[in-house]
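Peer 1: When the letters of the sequence shown are read in order and numbered with full-length UniProt numbering, they come out as residues 1 to 210. The beta carbon of each residue, even a glycine, is placed where N, CA and C say it ideally should be.
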Amino acid sequence: MDDTARRGRGTQPDRFAALRDEIAADPANASYTAQGWRPLITGSPASRVLIVSQAPGRRAQESGIPFNDASGDRLLRWLGVTRPEFDDVSRFAIVPMDFYYPGKGASGDLPPRRGIAEAWHPRILSVVRPKLTILVGAHAQRFHLGDRRRPTLTETVRAWREVGPDVIPVVHPSPLNVGWHQRNPWFEEELVPDLRRRVAAALGTGGAEA
1 MDDTARRGRG TQPDRFAALR DEIAADPANA SYTAQGWRPL ITGSPASRVL IVSQAPGRRA
61 QESGIPFNDA SGDRLLRWLG VTRPEFDDVS RFAIVPMDFY YPGKGASGDL PPRRGIAEAW
121 HPRILSVVRP KLTILVGAHA QRFHLGDRRR PTLTETVRAW REVGPDVIPV VHPSPLNVGW
181 HQRNPWFEEE LVPDLRRRVA AALGTGGAEA
């Protein structure tokens, strides 16, 4: 049994497992399947919080554990949850814009492939009905917010209160974004505490403070 299946036991993950098998069998993903990689999507019909992310990093892809890196450590701190809580598919579904590590580019990882989210996200969202959706990064925000998105990522994230009570956009938690955080201290001071409160409410654990 792989890590994804193990985390899904007891949470009725069958429909997610079936979708994962279909994604793996998609001819567009044949080169990844040939490497022995599985699509890195986790969740269940019971998931209360949906995280729409960019694409797995290499370490996450090879381990089969979403956000299994420094970005994940920062994301968990923002959410105010532990790793076991984050890995519990009755609490969190993690659905990237591309389900496989896209490879290295000139300045970091390559972006998600075009067409992947369009083909699969509507089907995935027919399975999970989260109380809160967190959109991580510009790719997720562009696809899922549509005309609610502002001209830039910073403007979109800064307007998080206007997006809606059940959706919140955030910047990618990559350590490479240190400059962005220095220029935008409001993110840690204002958005992160609000994010923790919303996550705690969605999970039914009450208010959460920094």
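1. Just the C-alpha distance for residue 175 and residue 77, rounded to the nearest angstrom, thanks.
2. Within 8 Å, do at least three Cβ pairs link the segment 38-51 to the segment 89-99?
3. State the Cα-Cα distance for the pair residue 88 and residue 194, rounded to the nearest angstrom.
4. Between which two residues does the alpha helix (DSSP H) containing residue 65 stretch?
5. With which residues is residue 109 paired in a DSSP beta bridge?
6. Just mark residue 72 as buried or exposed, buried being the case when its beta carbon has 16 or more other beta carbons within 10 Å.
7. Please classify residue 108: is it buried, with 16 or more other beta-carbons within 10 angstroms of its beta-carbon, or exposed?
8. Would you give the residue range spanned by the alpha helix (DSSP H) that residue 203 belongs to?
9. Return the bridge partner residues of residue 94 from the DSSP annotation.
10. First and last residue of the alpha helix (DSSP H) that includes residue 27?
11. Could you give the first and the last residue of the continuous alpha helix (DSSP H) run that contains residue 84?
12. Between the segment 113-125 and the segment 16-28, do at least 3 Cβ pairs fall closer than 8 Å?
13. CA-CA distance, residue 49 and residue 159?
14. Between residue 149 and the rest of its own chain, which residues show a CB-CB distance below 7 Å, the 5 nearest in sequence each way excluded?
15. Quick one: Cα of residue 146 to Cα of residue 45, how far?
16. Grab me the residues of residue 15's own chain with a C-beta within less than 7 Å of its C-beta, minus the 5 sequence neighbours each way, in chain order.
Peer 2: In brief:
1. Working through the sequence shown from its first residue, we reach residue 175 at position 175. Working through the sequence shown from its first residue, we reach residue 77 at position 77. Cα to Cα, the separation comes out at about 13 Å.
2. yes
3. What you label residue 88 is simply residue 88 of the sequence shown in a count that begins at 1. What you label residue 194 is simply residue 194 of the sequence shown in a count that begins at 1. Near 22 Å, if we compare the C-alpha coordinates of residue 194 and residue 88.
4. Translated into the one-based positions of the sequence shown, residue 65 becomes position 65. It is not in any alpha helix (DSSP H) - residue 65 carries neither H nor E in the DSSP assignment.
5. Translated into the one-based positions of the sequence shown, residue 109 becomes position 109. For residue 109, which the question treats as bridged, DSSP gives the partners 104.
6. Taking the first residue of the sequence shown as position 1, residue 72 is located at position 72. Residue 72 comes out buried.
7. The residue you call residue 108 lines up with position 108 of the sequence shown. Exposed is the call here.
8. Along the sequence shown, one-based indexing puts residue 203 at 203. It spans 192-203 - the alpha helix (DSSP H) in which residue 203 sits, taken as one unbroken run.
9. Here residue 94 refers to the residue found at position 94 of the sequence shown. The partner list for residue 94 (beta bridge, DSSP) reads 42, 51.
10. Taking the sequence shown and counting its residues from 1, the one referred to as residue 27 is at position 27. Unbroken run through residue 27: none, as it is neither H nor E.
11. For the purposes of this step, residue 84 is identified with residue 84 of the sequence shown, where counting begins at 1. Looking at the DSSP string, the run of the alpha helix (DSSP H) that includes residue 84 is 83-87.
12. yes
13. Within the sequence shown, residue 49 is the residue found at index 49, counting from 1. Within the sequence shown, residue 159 is the residue found at index 159, counting from 1. Residue 49 and residue 159: Cα-Cα distance of roughly 20 Å.
14. In the sequence shown, residue 149 corresponds to position 149, counting from 1. Taken in chain order, the residues that qualify are 141, 142, 156.
15. To locate residue 146, count along the sequence shown from 1; it is residue 146. To locate residue 45, count along the sequence shown from 1; it is residue 45. Roughly 25 Å between the two C-alpha positions.
16. If you number the sequence shown from 1, residue 15 lands on position 15. Counting only Cβ-Cβ distances below 7 Å, and skipping sequence neighbours, we find 45, 127.
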